[in-house]
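Residues 1 to 120 (the UniProt record's numbering) are what the sequence shown spells out, left to right. The beta-carbon is built from N, C-alpha and C at its ideal position, and this holds for glycine as well. All remarks here apply to the structure that follows.
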Amino acid sequence: MTQQQRNDYIAEKILGANKKIQHDKTWLYVPGKEFEPPFEWEFPDGRIVNSKTDFESLPEWVGPICEVVFPLLAGENWNISFLYNGHVSLIDSKGWAILDIRTGPLATVLIGTHMKISGE
Numbered sequence: 001m002t003q004q005q006r007n008d009y010i011a012e013k014i015l016g017a018n019k020k021i022q023h024d025k026t027w028l029y030v031p032g033k034e035f036e037p038p039f040e041w042e043f044p045d046g047r048i049v050n051s052k053t054d055f056e057s058l059p060e061w062v063g064p065i066c067e068v069v070f071p072l073l074a075g076e077n078w079n080i081s082f083l084y085n086g087h088v089s090l091i092d093s094k095g096w097a098i099l100d101i102r103t104g105p106l107a108t109v110l111i112g113t114h115m116k117i118s119g120e
């Protein structure tokens with residue numbers, strides 16, 4: 001999954017945003033290349049955000065991601081373990097690590113968790 005695909009997943013599947021096509025911009029179509037018109041993200045609360053926003057690396061998006069993923073963690077009976085290096089790991093109710101979700105920054109682990117639980 002490319003970084004842009006990951007950003008699209010976060011915006012659509014986790015944060016509930018919709019693509020808003022920018023009809024006032026000039027579109028460039030190059031034969032042989034995948035075409036996607038320029039767009040922005042429109043959130044349910046009315047906010048509009050640039051389509052190139054990296055939701056995973058910006059601290060202001062960690063809270064909204066937590067609000068969606070923490071209830072999923074509770075439903076699976078999984079826990080987050082905070083490590084000394086600033087990273088987190090995911091463990092199940094018996095203390096075993098969830099091996100296919102790598103240790104990393106909180107937002108990265110939460111997004112991986114959402115993908116695993118939702119089957120993406």
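Beta-carbon proximity list for residue i, same chain, < 6 Å, skipping 5 on both sides
{"i": "G16", "result": "P44"}
Backbone CA spacing between residue i and residue j [nearest angstrom]
{"i": "residue 203", "j": "I111", "result": "In the structure as shown, the chain starts at 1 and stops at 120, and residue 203 therefore has no counterpart that could be examined."}
{"i": "D8", "j": "K19", "result": "9 Å"}
{"i": "H23", "j": "P38", "result": "8 Å"}
{"i": "T113", "j": "V49", "result": "24 Å"}
{"i": "L72", "j": "E120", "result": "14 Å"}
{"i": "E42", "j": "I21", "result": "10 Å"}
Cβ pair residue i, residue j closer than 7 Å
{"i": "I65", "j": "A107", "result": "yes"}
{"i": "V69", "j": "L90", "result": "no"}
{"i": "S51", "j": "E40", "result": "yes"}
{"i": "N77", "j": "S93", "result": "yes"}
Same chain, Cβ closer than 7 Å to residue i, neighbours up to 5 away in sequence not counted
{"i": "V62", "result": "L106, A107"}
Cutoff 8 Å; reference residue i; Cβ partners in own chain excluding five residues on either side
{"i": "K116", "result": "I98, D100, I101"}
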